[in-house]
Structure formats: structure tokens, C-alpha cells
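A quick write-up on the structure given underneath.
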Amino acid sequence: MEISELFWNADLKQLKAGYVEEKEAFICLVCGENVEKCIIYPHEEVLLESERFMKLHMEQAHGSMFQYLIGLNKKLTGLTDHQNSLLRLFYEGKSDAEIQAELNIGSSSTIRNHRFVLKEKERQAKIFLTMMELLKEKDEHAPTFLPVHKNATMVDDRYNMTEEEQQEVEKKFFLEGTDGPLVKFPKKEKQKLATLRVIIKRFEQEKVYSEKEINEVLKNVYADFVTLRRYLIEYGFLDRKDDGSEYWVKN
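Residue numbers (full-length UniProt numbering): 1 to 251.
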């Protein structure tokens, strides 16, 4: 199962922890790091069991899961920029007076009102999630949509795609299979996204690439590798340094 699918299928407890427990391993929901069970891991002259080692990975590699989640695209979090700023400051332990001064808005009572509105949003979310869980038990005709890429920069109708639709695009544009070349880069944005989902799998997680290495991989996919590189970045599949010296798969 891909990391995005694991992420979206995780329950609240798992999302808070930042990892899921499977039969033989703990898997990080942010980067896909796999920590095998029944193994003792050494760390700074201390031996750690597998779950404690995964918790250490979360702390060292990703810091706060809150900071990771709130940094996701606002179409995924459902937060306005203002709500995002408030939640960050609440998490940092700032008082209402400190937040009012930092954001230069209203008064301390205004901040308390924002807290109330966010609490209402929480209650609504709980009810909505419960209804959706109950709906899954009854709705036999609901299609299975592909999970939205966690770092998607534009979340709209182009992500409205089922596994069957994805396979149709793959058959149309990768005539020799998904490990083969791309026949042509689609004009339709939805089909572009589907092809990018395939292409990003050519790159290794956690590896840092030079621009030359990125280009070499993409040249084996399609002659216009520059366009592929640009769209992989634009859609949030790849990230890079501002000077283009390093590229990596965006987790």
C-alpha cells in the first residue's frame, strides 16, 4: 500500500502518532520509513525496541506531527490562512493576549471567540466523520477514489479519479507498461496527474538527486523531460532547492 493511501486510511490515533502498526513493522505516515518488529535497535549506547525506535524516528526526522499536518495544503486541512495562524500560535502555548498582540487583531476576547469557532468546527468534524463511517456500511455503490497525494498543491476535480480510471490512462499512455516510456504527455489535467502518479515511482524515497540525475531518469520516460520535471514539481510530487542543485521526492 502506498504511503498516501496509508496516510488517508489512518485513524485519529495513528495520525496523532504519525505511524501505523502492521503485522511485521511500524510504518511512518510521513516518509514511509519501515521499522521491523522483533528487532532491537541501538541508539546512543541505548537499545530500543521497534516501536520506541519509530517514535524516535518521528521526533528526529519530522519533529511535531502537528506541524506536519498544519503545513499541508489548506484544501486538505480545511483551514483558512487565519485559522492556520491561530492554531500554530495556540499549539506554541501563547496566551490570548500574546496572540492578539502578535497578529494585531481585535482584543483578547476576539481570540477567545476564535477558539470557540474552532471548537465548533471540531464538533462538526466529529459528527461528519461518524456519519461517513455509518454511510460506508450502507452505500454499496460508492466508487473507490484514489487517495489525494499528501503534498498536492491544487486539490480540485482533477483528483476525482478511481483506480479503474487510473488504469485506463496507464494503458493509453504507457503502451509498454508502467515501466516503459510515455507515448505522449496528456493535455487534460486529470490525465496529466494520472501519468505523474506513475512517473514519480521511478524515483527513490529519501534519496537526494542532482538535476542531471533527475533528467536522466525522466529522459527514459519521455523526450520532453523538462516538462515532466516542471509538472512533477508543480503538482507537489518532487521538491528542490531554489538553485536547482538538489531534488527529492516530496513526502
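Glycine is no exception: its CB is placed at the ideal position from the N, C-alpha and C atoms.
Note that the coordinates shown come from a computational prediction; the quantities given were computed from them, not determined experimentally.
**Prompt:** I39: buried (16+ other C-beta within 10 angstroms of its C-beta) or exposed?
**Reply:** Classification for I39: exposed.
**Asked** Which residues bound the alpha helix (DSSP H) around E36?
**Response** Annotation: E36 is outside any alpha helix (DSSP H); the continuous beta strand (DSSP E) that includes it extends over 34 to 36.
**Prompt:** Taking C-beta to C-beta, are F203 and V249 nearer than 8 Å?
**Reply:** Using a Cβ distance threshold of 8 Å, F203 and V249 count as a contacting pair.
**Asked** How many angstroms separate the CA atom of T80 from the CA atom of K74?
**Response** Going from the Cα of T80 to the Cα of K74 covers about 7 Å.
**Message:** Quick check on Y19: does DSSP put it in helix, strand or coil?
**Reply:** It is a strand residue.
**Request:** Note down the Cα distance separating E133 from Y159, rounded to an integer number of angstroms.
**Result:** C-alpha separation (whole angstroms): 22 Å.
**Asked** CA-CA distance, S85 and S4?
**Response** In a straight line, the C-alpha of S85 is about 25 Å away from that of S4.
**Request:** With A61 as the anchor, note down where its beta strand (DSSP E) starts and where it stops.
**Result:** Neither: A61 is in no beta strand (DSSP E) and is coded neither H nor E.
**Request:** Please look up how many angstroms separate the CB atoms of T130 and L146, rounded, as I've assumed it's under 8 Å.
**Result:** Incorrect: roughly 24 Å between the Cβ atoms, too far for contact.
**Asked** Using the beta-carbon count (16 or more within 10 Å), is Y91 buried or exposed?
**Response** Burial call: exposed.
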